[in-house]
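Reviewing the structure listed below.
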Amino acid sequence: MPDKITVAGVSVDTRHWIGGRRVASAETFADVSPIDQSVLGEIARGGPPEAETAVAAAREAFPAWAGTPRAERARILHAIADGVEKRIEELAIVETHDNGALLRSHRRGVMPRVAHNFRFFADWLLGLGHEDFKTRGHTNHVSWDPAGPCVLITPWNAPLMLATWKVAPALAAGNTVVLKPAEWSPLTASLLADIAAEAGLPAGVLNVVQGYGAEIGDALTSHPDVRRISFTGSVPTARRIAESAAANLTPLSLELGGKSPLLVFADADLDLAVDLAVEQYDNAGQVCLAATRILVEESIADEFTRRFVGKAATLTQGDPREEATDLGPNIHPRQVAKIDGFVQRAVAAGARAVIGGTAERDLYYPPTLLTDVAQDSEIVQEEVFGPVLTLQTFATEDEAVRLANDTRFGLAATVATGDRQRAERVTAQLVAGTVWVNCFFVRDLQAPFGGSRHSGVGREGGTWSFDFYCDLKNTVTAPNGWNNHG
């Protein structure tokens, strides 16, 4: 099979990137575009041997990279950002073909954010630290020591952006990385390896290995030389990773999705609330933070639903390469079957599809809104990860909070209200890593990001990322203990 493929005019290497060179595998897997289910190419399919080689390369490269001065590490991260910015169009095109998300979003928002991820953590590194403090005359000095080789396992819904949320702080902290991208969307990780090499990142500091799930994942997450594991994905996979990492007590950072609520109170700006609700169909519903449970105060439920249906009807679903498209395809036939299974079981249990509800063509599942759903039903309690929302009503503020918190997840929540005091009362009671009030998806890398309950373990962003990717050391020095007072 060829070592490189061409995606809409962009050349992409299909081999692993290990120790500063391209490495082939004996087996491959097909990478299929969700746009039209055409095969983009055959990708190197790694397993335990590639995992071992990649971790060994990261281990070998670690001492020199950890010892590289902060300013030099930051300079290289900025050079990677420069490389991303030069190739935004190529990255956008490849990612759209690979995972079906909107080309216009990749061009204008996602890929510029990828570059920003590197710049942010490069700059944050330079300011990282605590002032020394005194304890009975002794000086306490806190240092941020690089932890070692890190395994980063990333999802398919926003492949490069979510990968660089992890890669950038791990590298900035002085660690080396083995990145394992999702098998349904591996291509931009390969391009990132090229960009990093061109920016001067030393061999072995960033390694990219491709493969199917546990075939390579278990070998990576159970490796005794791995010092950190960061994973974004499903709860069942996270459990397997945790079991694999347990033997070595490898620290984990887990972001595991959610079943987030949108609470709409009668005093809210109704047009804003409707806009926020329809926005949850972004990326064909394949967003971990999406507020898929719409909770509306009874007195405005009919009007809210009427306006929602009208607004949703204006969405254009189709080819994600077209400027006018609002919703592209879902990523894979298995995912569409999963989405439709949730919907059909809900309807069979008594739910009513106000819009959508039936798979119409290939991977393009229509925007769906289900009402008449019970709080304990599967469709309310489990993450669908597709363009499917439920609508329930509440009579009181206390009931709204109870319904919002009544799942095993706790990633995010959105509140629409015109009452500042109510917003403060409600947000204080919500179980969520992020709460948006009268807005959605505003994300600053200075802020902590992560979930509660089954939505994850740990936080990413700002100093919280360095807390994870570093071993913090406190050095306590006694006063007047030196023979040489110079």
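Just so we're on the same page, this note's numbering is the position in the sequence shown counted from 1, plus 4.
Positions of the beta carbon are idealized from the N, C-alpha and C atoms, including for glycine.
Exercise for the section: Taking G104 as part of the beta strand (DSSP E), name the residues at either end of that continuous run. Expected result: Per DSSP, G104 lies in no beta strand (DSSP E) segment and is marked neither H nor E.
Problem - Those residues which DSSP pairs with T329 across a bridge - result: Residue pairing from DSSP leaves T329 without any beta-bridge partner.
Exercise for the section: Any chance you could list the beta strand (DSSP E) runs of at least 3 consecutive residues sitting entirely within the region 229-305, in chain order? Expected result: Counting only runs of 3 or more, we get 232-236, 256-259, 265-268 and 297-301.
Exercise for the section: Return the chain-ordered list of same chain residues with a C-beta closer than 7 Å to the C-beta of T320, the five sequence neighbours on each side being excluded. Expected result: The residues are A328, T329 and D330.
Exercise for the section: Examine chain B for any beta-carbon lying closer than 7 Å to the beta-carbon of R77, and answer yes or no. Expected result: Absent here is chain B; the protein component of the structure consists of one chain.
Practice task
Say whether the region 209-225 touches the region 106-113, bearing in mind that this needs 3 or more beta-carbon pairs closer than 8 Å, one atom from each stretch.
Solution key: In this structure the region 209-225 does not lie against the region 106-113, because fewer than three pairs of beta carbons, one per stretch, are closer than 8 Å.
Problem - At least three beta-carbon pairs within less than 8 Å, the region 166-180 to the region 67-74 - result: Output reads yes: the region 67-74 touches the region 166-180.
Problem - Under the three-state DSSP convention, the category T418 falls into - result: In the structure shown, T418 falls within a strand segment according to DSSP collapsed to helix, strand and coil.
Problem - Pick from L129, A355, T254 and Q396 that is closest to I304, judged by C-alpha positions - result: If we check each option's Cα against that of I304, Q396 comes out closest.
Practice task
Flag this pair as touching only if the region 123-143 and the region 74-83 have three or more C-beta atom pairs under 8 Å; answer yes or no.
Solution key: Short answer: they touch.
Handout entry: Beta-carbon proximity of L407 to L299, cut-off 7 Å
Key = Yes; because the gap between Cβ atoms is below 7 Å, this pair is in contact.
Practice task
Rounded to whole angstroms, what's the CA-CA distance from A477 to V118? Just pull it up for me.
Solution key: According to the sequence as given, residue 477 is Lys; it is not Ala. Spanning the alpha carbons of K477 and V118 requires a straight line of approximately 31 Å.
Problem - Span of the alpha helix (DSSP H) around F125 - result: In the DSSP annotation of this structure, the continuous segment of the alpha helix (DSSP H) that includes F125 starts and ends at M115 to L130.
Practice task
Check the DSSP bridge columns for W148 and list the partner residues they point to.
Solution key: Partner(s): L476.
Problem - Reduced DSSP category for E135 - H, G, I as helix; E, B as strand; rest coil - result: Three-state DSSP puts E135 in coil, outside helix and strand.
Handout entry: 7 Å Cβ cutoff met for I47 and P190
Key = The beta carbons of I47 and P190 sit closer together than 7 Å.
Problem - Which of helix, strand or coil DSSP assigns to I47 - result: In the displayed model, I47 falls within a strand according to three-state DSSP.
Practice task
List the endpoints of the continuous alpha helix (DSSP H) containing F33.
Solution key: Segment T32 to V36 is the beta strand (DSSP E) holding F33; no alpha helix (DSSP H) there.
Practice task
Flag this pair as touching only if the region 425-432 and the region 345-358 have three or more C-beta atom pairs under 8 Å; answer yes or no.
Solution key: In short, these stretches do not touch, since the Cβ pair count stays below three.
Handout entry: Beta-carbon contacts of A436 that lie in its chain and below 6 Å, excluding the five residues immediately before and after
Key = In the same chain as A436, and ignoring 5 residues on each side of it, the C-beta atoms closer than 6 Å to its own belong to G414, A416 and A417, in chain order.
Problem - Cβ-based neighbour list, F444, same chain, cut-off 6 Å, excluding 5 preceding and 5 following - result: These residues qualify, in order along the chain: L280, E283 and T418.
Handout entry: DSSP-derived helix/strand/coil call for R91
Key = Looking at R91 - three-state DSSP - the assignment turns out to be coil, as it is neither helix nor strand.
Exercise for the section: Kindly indicate which residue of A105, T192, D286 and L210 has the alpha-carbon position closest to the one of P371. Expected result: Nearest C-alpha to P371: D286.
Practice task
May I ask you to report which of helix, strand or coil DSSP gives V59?
Solution key: Under the three-state reduction of DSSP, V59 is assigned to helix.
Exercise for the section: Note down the Cα distance separating V114 from K138, rounded to an integer number of angstroms. Expected result: Rounded to whole angstroms, V114 to K138 spans 45 Å at the Cα level.
Handout entry: Given V11 as reference, the closest of T192, T168 and D86 once Cα atoms are compared
Key = That would be T192, whose Cα lies nearest to the Cα of V11.
Problem - Span separating the alpha-carbon of L205 from that of T254 - result: Those two C-alpha atoms are separated by around 26 Å.
Problem - Own chain partners of R356 with C-beta closer than 6 Å, once the 5 adjacent residues on each side are dropped - result: Taken in chain order, the residues that qualify are T375 and D376.
Problem - Opening and closing residue of the beta strand (DSSP E) in which L210 lies - result: Secondary structure note for L210: its beta strand (DSSP E) is the uninterrupted segment L210 to V212.
Handout entry: Continuous alpha helix (DSSP H) stretch holding A193: start and end
Key = Segment L191 to E202, the alpha helix (DSSP H) holding A193.
Handout entry: Among L132, G360, T309 and V384, nearest to T492 - alpha-carbon criterion
Key = Residue 492 is absent from the structure shown; the chain starts at 5 and stops at 490.
Exercise for the section: Could you give the DSSP three-state label for I157: helix, strand or coil? Expected result: Residue state, collapsed to three classes: strand.
Handout entry: Any 3 or more C-beta pairs closer than 8 Å across the region 263-281 and the region 232-242
Key = At 8 Å Cβ cutoff, the stretches do not touch.
Exercise for the section: Leaving out five residues on either side along the sequence, give the residues of the same chain with a beta carbon under 6 Å from the beta carbon of N409. Expected result: Non-local beta-carbon contacts of N409 in its own chain, meaning distances under 6 Å to residues more than five positions away in sequence, involve V435 in chain order.
Handout entry: Whether R25 touches D7 by CB criterion (7 Å)
Key = No, the pair does not count as a contact, with Cβ atoms beyond the cut-off.
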